[in-house]
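Residues 7 to 171 (our numbering) make up the sequence shown, in order. Okay, so here's the structure we're looking at.
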Amino acid sequence: MFSAVSELESNYQKLVETVAYKEDLEGLKKEMQEILDARVKKMKKWVRELQEQMVSKDDFIELVTRVDSLETDKVSREELGRLLEPGFIDKFIQEVEDLRNDMDELKQNVSTLEENLQALIVRIDEEILPALQAAFDEIRASMAEMKEKLDTLDADDVLRPFILL
7 MFSAVSELES NYQKLVETVA YKEDLEGLKK EMQEILDARV KKMKKWVREL
57 QEQMVSKDDF IELVTRVDSL ETDKVSREEL GRLLEPGFID KFIQEVEDLR
107 NDMDELKQNV STLEENLQAL IVRIDEEILP ALQAAFDEIR ASMAEMKEKL
157 DTLDADDVLR PFILL
């Protein structure tokens, strides 16, 4: 009887550990999703800022055409100054390259996260769920064995140890 209770406690402890492990994994998944969402939001903001700073190809061509045709009075000195500013194009190219690198890194992080989640799902399906099912089967078997023992007891069996005392 004590063996069955001990076994039942052991199975219960395994079940508690498995549930705690699953909760930890769900917490990790949620935290990774929050980090990923924050990075995506930051990247989108950065893209918007870059788009606002960019001069379209057509605007640049128009500006050069106006300068070439000596219509300088119609060209905004601000626009011309910004385009001809030292390092503007190099800075722009570097920002675009950084954006590409960040997007590649973000794609790689998403891919890694998806692989890890898929591996976790496979592990849960192949290891944890069968272990849980086996633990429940053992608990059911122990309970059935205890029920059989309890069903065979009668009042004399229960009172006999007390009488001997």
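Even glycine gets a Cβ: it sits at the ideal position worked out from N, Cα and C.
Return the CA-CA distance between residue i and residue j, expressed in angstroms with no decimal places.
i	j	result
Asp157	Ser9	18 Å
Met49	Phe94	21 Å
Lys153	Ser117	52 Å
Asp131	Gln124	10 Å
Thr78	Met109	Low local confidence applies: a pLDDT of 48 at Thr78 is under 50, so the model's placement there is unreliable, with the coordinate-based value given in what follows. Going from the Cα of Thr78 to the Cα of Met109 covers about 40 Å.
Val22	Leu138	10 Å
Arg45	Val11	51 Å
Leu170	Asp163	12 Å
Arg166	Lys155	16 Å
Val128	Tyr27	15 Å
Helix, strand or coil: how does DSSP classify residue i here?
i	result
Leu159	coil
Glu77	Note that Glu77 scores 48 on pLDDT, short of 50, meaning its location in the model is unreliable and no value can be drawn from it.
Gly33	helix
Our contact map puts residue i next to residue j with C-beta atoms below 8 Å; I'd like the distance itself, whole angstroms only.
i	j	result
Leu105	Trp52	7 Å
Leu42	Asn115	7 Å
Ser148	Glu13	6 Å
Leu112	Met38	Not a contact, Cβ separation roughly 13 Å.
Glu103	Leu56	So it is not a contact: roughly 12 Å between Cβ atoms.
Output yes or no for whether 8 Å exceeds the beta carbon distance between residue i and residue j.
i	j	result
Thr24	Ile145	no
Ala141	Lys20	yes
Would a check of beta-carbon distances place residue i closer than 8 Å to chain C?
i	result
Ala44	Although the question refers to chain C, the structure presented lacks it and comprises just one protein chain.
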